[in-house]
Amino acid sequence: MIKATIQNSPYCTEMLFPCSETELSRKLGEIKMNPEHLAPMAMIIEIEPAELSILEDCEVSLDALNYLGKRMDGMSKGERNQFLAVLSCSETGIGWGLKNIINLTYNLERFTLIEDTDDVECVGRTHILNVRGYISESESNNHEWLAAEGMKLLESGSGIETDYGKIYINKDVPFKEVFNGTTFPAYYCEMNSVAEIAIEYNNLIELVELPCEDITIKKVLCRLGADGLKDCKILVDSTRDITDEWSDRISEVEKSKDLFELNKLLKTEDILLKQEQPISIFNKEVSRVLEQNDFTVSNSSGYISVFSDGKEAAKIFGNGMISAPDGTTGDAYFEIKKIAGTVSEYCSAYEKAAPLKAEGLSGNYCCLSEFNGTVLAAKHTEYGFEFVTWDRTYDGKAVCQGNYHNNYMAAKEDFAVRSGLIDKDKLFGTEELE
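The sequence shown runs contiguously to residue 447 in the working numbering.
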């Protein structure tokens, strides 16, 4: 997730990326820009994570920044550290404009991040997997070869120190331009989409996932430089597991080119999907959080299997209960248990919570807790949960001074301090803990 303060002088607002087109339009309105602008640009005043600070005091495409937010949200914890480590060092020799930062998300194999140099076999395994993307079973079992590869990398002396570990530039791996600076590469991230449609114009192609907001299609046409859909080639790139009847109806758009009408149809009619029972919010969220923490998950009927280093470390059931295979527990099991417990806590609170009522508030927030004029709220999206603490206005009708979090424990602590449940002066700071 990216948090940025954007400016259309003299107006500023804070927003989170990725966000929906509706949220982006609302934020444009707050800084007195046209909410229906098809290529909105704004000045970045402040941005987090700090590794993106190269974008501060620059005017950037908000749609491109939103795309970067989606790419970052899809990263595992290891990939995110690798990405931020590369951004943090100037020795990579690449100018980090927004275009190249987006392209970096497609070129992580050019940069190997080694967080721990003590285990040379692990170093070799990490490096080979990063560069090639795979390792054969025989190679995985060849401990001497892996150790030799790790030692060769460490003895090259080319490691660059970062806060995340040492970065090694793999100069034999070219830096590919996937994003041309205008049209966005295909990236499937809308869980509720039914079809992916390719729009081609003047040898440029961009995909949209349907159903979507109409402005999404209009923005694609703008980036392609097309006056309208009639000038474009339309191709159904793929469809989800839907009935043959609906698949045929969707394919008709290749001839009719009436993408807006198809989009309207998909938003207003029930699509007959060939699917199993929907996955619960808890299952979706705990799977997402575990994957971000470098665990592998597999959804089975009635439970989730969680793997660490290729071995099953735990099973998580729909009610939040967790068990260890064969009764064997280790560090991975206890980390999984902690994650599952935290996710279960806020998912349960969210599902029981009432909608947050406040004038001028949009976004379908639910009120998890309220005390002493301070509100802790949450919103669930396809990208996970967003937590916010607000102060109530004096008349109690609205909220203000929002602090946004993607971490539940941080949001809870913020709420406890702001509401007065905990005396801030009695909390230990980082220096005191050290």
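Ideal Cβ placement from N, Cα and C applies to all residues, glycine included.
Residue i (DSSP reduced to helix, strand or coil)
i, result
"Tyr200", "coil"
"Asn79", "helix"
"Gln20", "strand"
"Val221", "strand"
"Lys324", "strand"
"Gly178", "strand"
"Leu51", "coil"
"Asp307", "coil"
"Lys287", "Annotation note: pLDDT 47 at Lys287 (below 50); position unreliable, coordinate value reported separately. Lys287: coil per DSSP, three-state reduction."
"Glu226", "coil"
"Ile57", "strand"
"Val186", "coil"
"Met28", "strand"
"Val99", "helix"
"Lys277", "helix"
"Ser300", "helix"
"Ser293", "coil"
"Ser269", "helix"
"Ile114", "helix"
"Val191", "coil"
"Leu237", "helix"
"Asp244", "helix"
"Asp86", "helix"
Residue i classed as buried or exposed, judged by whether at least 16 other C-beta atoms fall within 10 angstroms
i, result
"Asn116", "buried"
"Arg138", "buried"
"Lys425", "buried"
"Glu61", "exposed"
"Arg145", "exposed"
"Ser321", "buried"
"Tyr407", "exposed"
"Thr256", "exposed"
"Gly238", "exposed"
"Glu168", "exposed"
"Ile435", "exposed"
"Tyr24", "exposed"
"Ala367", "exposed"
"Ser251", "exposed"
"Glu289", "Note that Glu289 has pLDDT 47, beneath the 50 cutoff, so the model's placement of it is unreliable and no number is given."
"Tyr396", "buried"
"Ser103", "exposed"
"Tyr147", "exposed"
"Asn79", "buried"
"Met422", "exposed"
"Cys360", "buried"
Element boundaries [alpha helix (DSSP H), containing residue i]
i, result
"Glu426", "421-432"
"Phe124", "Careful: Phe124 lies outside any alpha helix (DSSP H), inside the beta strand (DSSP E) at 124-127."
"Thr195", "No alpha helix (DSSP H) contains Thr195, which DSSP labels as neither H nor E."
"Glu64", "From DSSP, Glu64 is part of no alpha helix (DSSP H); its letter is neither H nor E."
"Glu383", "No alpha helix (DSSP H) holds Glu383; the beta strand (DSSP E) holding it covers 379-384."
"Ile263", "257-264"
"Thr35", "34-43"
Residue i: first and last residue of the uninterrupted beta strand (DSSP E) it sits in
i, result
"Lys392", "387-394"
"Val73", "72-74"
"Asn416", "412-418"
"Ile212", "208-214"
"Phe398", "397-405"
Min CB distance residue i to chain C below 8 Å
i, result
"Val73", "Judged by its chain identifiers, the structure shown contains no chain C, having just a single protein chain."
Task: alpha helix (DSSP H) runs wholly inside the region 327-374, at least 4 long, in chain order - done: 344-365
- Message: Quick check: the region 413-421 against the region 39-53, are at least 3 beta-carbon pairs closer than 8 Å?
- Response: no
- [ ] Let me know the alpha helix (DSSP H) ranges lying completely inside the region 117-172, each 4 residues or longer, listed in chain order.
- [x] 133-145, 150-153, 156-168
Pairing CB atoms from the region 292-308 with CB atoms from the region 254-269, are three or more of them under 8 Å? no
Using a Cβ distance threshold of 8 Å, determine whether the region 208-227 contacts the region 261-280, with at least three qualifying pairs required. yes
Checklist entry - Between the region 242-251 and the region 63-76, do three or more beta carbon pairs fall short of 8 Å? => result no
Pairs of beta-carbons, one from the region 154-162 and one from the region 126-138, closer than 8 Å: are there three or more? yes
Fill in: Inter-stretch contact (C-beta, 8 Å, three-pair minimum) for the region 308-327 and the region 372-383
no
Under 8 Å, with one C-beta from each stretch per pair, do the region 77-90 and the region 141-156 reach the 3-pair mark?
no
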